Structure formats: C-alpha cells, structure tokens
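Residue numbers (UniProt numbering): 1 to 578.
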Amino acid sequence: MVQGPTPFVRKKEDAALGLVSKSKSNESITLDVISGSQSQRETTPPAPSPVFPKPTLFSITVIRTTETSSYELHYHSLFYLTKMAFFSSNLGTAKTVLSGVASLAATAMVIRSVANDLLPSELRSYMSGAIHSLFWRFSSDITIVIDEFDGLVSNEIYEAAETYLGRKISPSTHRLKVSKPESEKTFILAMERNESLSDVFNGVKFNWTLVCHQVESRNLFRNPRDLNSSLKSEVRSLELTFHKKHKDTVLNHYLPFILQEAKSMKQETKALKIFTVDYQHIYGGFNDPWVGMKLDHPSTFHSLALEHDVKDFVIKDLERFVKRKDYYRNVGKAWKRGYLLYGPPGTGKSSLIAAMANYLGFHVYDLELTDLHSNSDLRRLLIAMANRSILVVEDIDCTVDFHHRRALSRSPHRPNDRQVTLSGLLNFIDGLWSSCGDERVIVFTTNHKDKLDPALLRPGRMDVHIHMSYCTPCGFRQLASNYLGIKEHSLFGPIEEEIQKTQVTPAEVAEQLLKSSHIETSLEQLIDFMREKKETQILEAKKKEQEAKEKEEQEGKVLDDGDEGEKFDDDDEKEKYN
C-alpha cells in the first residue's frame, strides 16, 4: 500500500484499469487510464513527498473512489511480472517436484517389468480390470458396445453405424481406410482399427471407437486370392461413449436415427451384388462367409426373349409377394417365395434370374452345394444371408445326387457322415429354419425336371414352376429388336416358320444375330442355320428311332429264347416221367 495522501480523485464510474508511475526526474505522479481501446494520461499537481517503501519487483495501482471511500488495487496489467517473480522464488520447489516425479515414474517402470515377469497373466488381467473398474466408478460416461455379429447373424446396428460413420469422418481423424471396388465410381471411406471420431446429435456429443481383436481361428484353409487371409480372424466392435444422462436419448432417438439414415444412404448408392461362398470364413472364422462383387447384368423383363404372358405372370407374382408381408404373417408362413426354372440349356434361365434381381433390387447369393461338407455349413450360409435377397442353386439335379446319398445313409459302411442331405436342404425351404429371414426368393434351376426328387416338387416348396422352352416367334422378335434394332422385316415370316419346325434355343438365335452387323445378312444366316439344324435333328431322330427298334427286337428275341428253353425243359421232364 502506498503511504501518504493522494490528491487526485476520480469517480467510480470513470475508474478503469490504470497504472500509477513516477519517474525520478518528475515529482508528479502520472496515471495512465486504459478505457476500452483508448489511453488517457492525466497529471496531478505536485504533492508533498510521500514516504515510499523499498523498491519491489512490481508496482500497484491505487485508485480512490468518492462513493465508497476505499482503495482498489489493480495489478492485472503487471500479471506477467508477478508470474516471473513467482517462478523465480519457487524455482527450487519446482526442481524438487520434477525430481520426485521422475523417481516415481522410474519406480513404476521397474514395478511393471517385475510384474510382467513374475505375475501370471490372469492375475495381471484381474488387477488391470479392477483398477479400470475403480476409475470408471467415478466417471460420468457410459459406453455401449456394438458387436459386428449377434450370435450367428450379422448385427444390423453395426452395419448401419458403419455406413453412417463413413460420412462423418472429421479432420481430427488420424487414420482412415479407403477402398474402391473396380465397378464403383466413388471412394469408400471407413474408420481404421482402434480409431475414434465424434458425432453431434441434437446438441449432444457422442464418441465412436472401432475396436478390433485378433483371435485364433480353427481354419487351416487359406484362400490364395485373398492377400489378407491368415490363420487368424478379427473380431470387430464399435464402442459408443456418452454422458449417462443421455442414455434414453441414445436408445430412443439416436440409434433409430442411425438405422434410418443408413437405410437411406444405402438406397442412394445401392449397387446390386452377387455373392459367392468364402470358404476361408466358413470353417472356424468369425467373418461373413459370403464375399460379394457388383452385379452389373443388363437383363430386364423388357429384353427377355419370353412369351408376353409368362413375363407378365412373373412380374405380377413378384409384386404381389413383396407387398404381402402382413399376409404371410397372418397365415403363419415364412415370407419367402420359391421358383423352379426348368428347360434345356440356353433358354434364358440365368437371364430371368438377373431380370428378377434388377426388378426387385435384391442381391443374389449363388450357392454351390457340392463344395459344402455338412448340413451345418449350409445352415450357417443361409443364416448369414441378408433379407431382401435371392438364393440361387443352379442345376439342382447335377449339384447333389440326393438319391445316391439316401442310399449311402442306409448303408452301414458310409465313408463320410459330413454331407449335405436332401432333408437338410428342405429344412431351409419350408422347415423351421425357413423363418430365419424375411422377403427371400429361392430359385432352383434344372435341365431335367424329371430327374428331381419328388420331395422338391411338393406344394409349398417350389411355389412356381416356369418352363423355359425353345425359342418361339415372339421370343425371336424380341431378340431381333435387342440385337438388330428392328421391329419388322420381310424375312421375319420365313424365320418364324423355321422356328416352329426347329428346336432352337434363344442363345443360339442370339449367337447368329451377332455374327454380322448387316441386318439382312444376319437374318439369312439365321435361316440357313435353322435349316441345317432341322436336318440334323431329323437324322438324329431317325437314328434314335432305329436304335430303339433294334433294342426292342433284341429284347423280344431274348424273351422268345427263354420260352423255348422252358419248353425244352418241360419235354425233358415228361420223358423222365415216361
């Protein structure tokens, strides 16, 4: 405190941050008043020399106000000088503190090394968990763990959050994972392992972390095409951390919002995919056993070389199926539809499947039963399928010889019990496991319907049977429109007459139309091709007829020889008795 009278008086409302100074060459006291961005200097008249204490490292501003008759001390402008003085006076104390901290850190490192060498891993894990739990008791945050899989099926919340967070990558994120499939036009961004990012919803901040753990896999199979395949599998989960008071907001609003946003984002950028089995992850792996790539098949119902009534029937049946979710639930049936496509090769069975996928916007899962070892493998594959999808088993009559397998099952000398059986397949068509998924279409194809087990053809399993026949005049006109861009031509009449007399597939007709870019040349070549094929078919039919006739004659001769033998035996017997 400055001793002595202070003749300079200032009103309180005018009092601001000020600095009192006095130079040796001037007997007056100078007051620098800082008000806003302007500085004012006022000089007081000389006053009797006050008695000042010994010089110090900093000064004190004194302002006396008339309303309170009190002194206010202002030293903010010299705060940095105060800090310098403080650190100077406490330098020794700081050195002591730093020395103690260094000693404590060194002791902790020694204890940690000894603990890692002497204590069992179970005890260390228990102690670490106990310490972690102790600190969490005093935390106001809560963490929700969202695993990638929920048992045997994928976790819908995890998939939605992964899609949603892909567009929430912030500049503060240090590591990103980027990919671009060959058929995609844009880059796909995702969180890298053990990275975190923040999201704000309704003014509340949420922290997300992608946690990954490596676990040993029982799978000894390594996919040579997968550069990341190894004997280990990765278990992934997302951790959502937020304040405890926002728990209801997360469960009732935030997570449903993410599900809806992810669904909208997928619809905007959705590309149809065709999936095949990833055998690395079937046996002992924790990842999705299906691996997919973009399905860019141009087939549509408009371009199919089918009769108009067949196309209209399939379209209406599909539309009715996707709109009847409540109906299937009310009648107690699983929401699925089965189609059996049968006919000779090259009649457009695969093209019809692609047209169905494009029309519905469903992914396609191509299943090869011959590569599966057991019904449990089949069960895991079908459970891992997404809803709103098409399961395709092509050439079901050649894929698995069910008749032979039933014979093996009755044999006491079976070489292998781990086989896909007919009952295992039927259990997913209309058994208990058929309800593990909604809005699924199951398609079987075969070239020979008569070779199928009758159990596959029962009502309720394959709901719709579609015969894919040879090319018809209507199918030819559609192919001519697709490949030549014409609706009518003078050669259409002769071609349609030949088509009705010849068994030619749509694939063969399309191949002939592709041979020349000249319209008339292509049509003439098609006529020549069908005439040659008709002659070949006539010769083959005569040959088969002759072979069948010879076979009947041979069988009849064998029967006649047998009757004569019996007759001779009867005569011998008569001679014996006589």
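Quick reminder that beta carbons are idealized off the backbone N, C-alpha and C, glycines included.
Because the structure is a prediction, the values reported are computed rather than measured.
C-beta contact flag for residue i and residue j at 8 angstroms
i      : j      : result
Ser389 : Arg440 : yes
Asn387 : Gly437 : yes
Glu307 : Thr446 : no
Ile157 : Leu255 : yes
Ser435 : Ala271 : no
Thr143 : Thr241 : yes
Lys515 : Ser522 : yes
Chain D contact for residue i (CB, 8 angstroms cutoff)
i      : result
Phe476 : Checking the listed chains, one finds no chain D in this structure; it contains a single protein chain.
Beta-carbon proximity list for residue i, same chain, < 7 angstroms, skipping 5 on both sides
i      : result
Val322 : Leu360 and Glu439
Gly424 : Asn375 and Leu378
Val291 : Phe275, Thr276 and Asp278
Ala305 : Gly348, Cys471, Gly475, Gln478, Leu479 and Pro506
His246 : Val204
Val145 : Ser237 and Glu239
Lys501 : Lys534
Span separating the alpha-carbon of residue i from that of residue j
i      : j      : result
Gln537 : Glu524 : 20 angstroms
Ile258 : Lys168 : 12 angstroms
Tyr342 : Leu457 : 12 angstroms
Asn427 : Ala455 : 12 angstroms
Leu238 : Asp141 : 16 angstroms
Thr209 : Met385 : 27 angstroms
Asn202 : Gln260 : 16 angstroms
Ile396 : Phe301 : 24 angstroms
Glu553 : Thr421 : 41 angstroms
Tyr80  : Thr93  : Only weak support exists for where Tyr80 lies, its pLDDT of 48 falling under 50; the coordinates are left without a value.
Gln267 : Thr163 : 12 angstroms
Gly493 : Ile499 : 10 angstroms
Val364 : Ile495 : 36 angstroms
Ser103 : Phe206 : 38 angstroms
Ser469 : Pro344 : 7 angstroms
Thr399 : Lys451 : 12 angstroms
Glu122 : Ala106 : 25 angstroms
Asn330 : Glu319 : 19 angstroms
Arg324 : Asn252 : 29 angstroms
Ala108 : Thr249 : 42 angstroms
Trp433 : Asn155 : 19 angstroms
Ile442 : Leu369 : 14 angstroms
Lys244 : Val200 : 16 angstroms
Ser264 : Glu159 : 13 angstroms
Residue i, DSSP secondary structure in three states
i           : result
Ala190      : strand
residue 650 : Residue 650 lies beyond the residue range present for the chain, which begins at 1 and ends at 578; the question has no answer from this structure.
Leu253      : In the sequence under discussion, the amino acid at residue 253 is His, which differs from the Leu named in the question. Looking at His253 - three-state DSSP - the assignment turns out to be helix.
Ile29       : Its pLDDT being 39, under 50, Ile29 is placed unreliably by the model, and the measurement read from it follows with that caveat. DSSP places Ile29 in coil when its eight states are reduced to three.
Asp317      : helix
Lys333      : coil
Gly346      : coil
Glu67       : Low confidence applies to Glu67: its pLDDT is 40, below 50, so where it sits in the model is not reliable enough to give any reading.
Thr421      : coil
Lys311      : helix
Leu391      : strand
Lys323      : coil
Asp199      : strand
Ser128      : helix
Met462      : coil
Thr502      : coil
Lys451      : helix
Gly493      : helix
Tyr339      : strand
Glu520      : helix
Glu148      : coil
Contacting residues, own chain, Cβ-Cβ under 6 angstroms from residue i (five flanking each side not counted)
i      : result
Ala130 : none
Val393 : Leu367 and Phe444
Ile429 : Arg461
Ile188 : Ser179
Gly166 : Leu189 and Ala190
Val153 : Ile383
beta-carbon residue i near the ligand ATP non-hydrogen atom, thresh 7 angstroms
i      : result
Leu119 : Absence of the ligand ATP from the depicted structure is noted, as is the absence of any ligand whatsoever, leaving it without description.
Residues of its chain near residue i, where Cβ-Cβ distance is below 8 angstroms and the 5 sequence neighbours each way are ignored
i      : result
Arg124 : Ala115 and Asn116
Glu192 : Arg175, Leu176, Lys177 and Leu210
Val310 : Ile466
Ser299 : Ser351, Leu352, Ala354, Ala355 and Asn358
Tyr328 : Ala334 and Trp335
Okay, do the segment 355-362 and the segment 310-321 touch, 3+ Cβ pairs below 8 angstroms being the bar? yes
Inspect the CB distances between the segment 327-347 and the segment 458-470 and report whether three or more fall short of 8 angstroms. yes
Should the segment 504-516 be called in touch with the segment 478-492, which here means at least 3 C-beta pairs below 8 angstroms? yes
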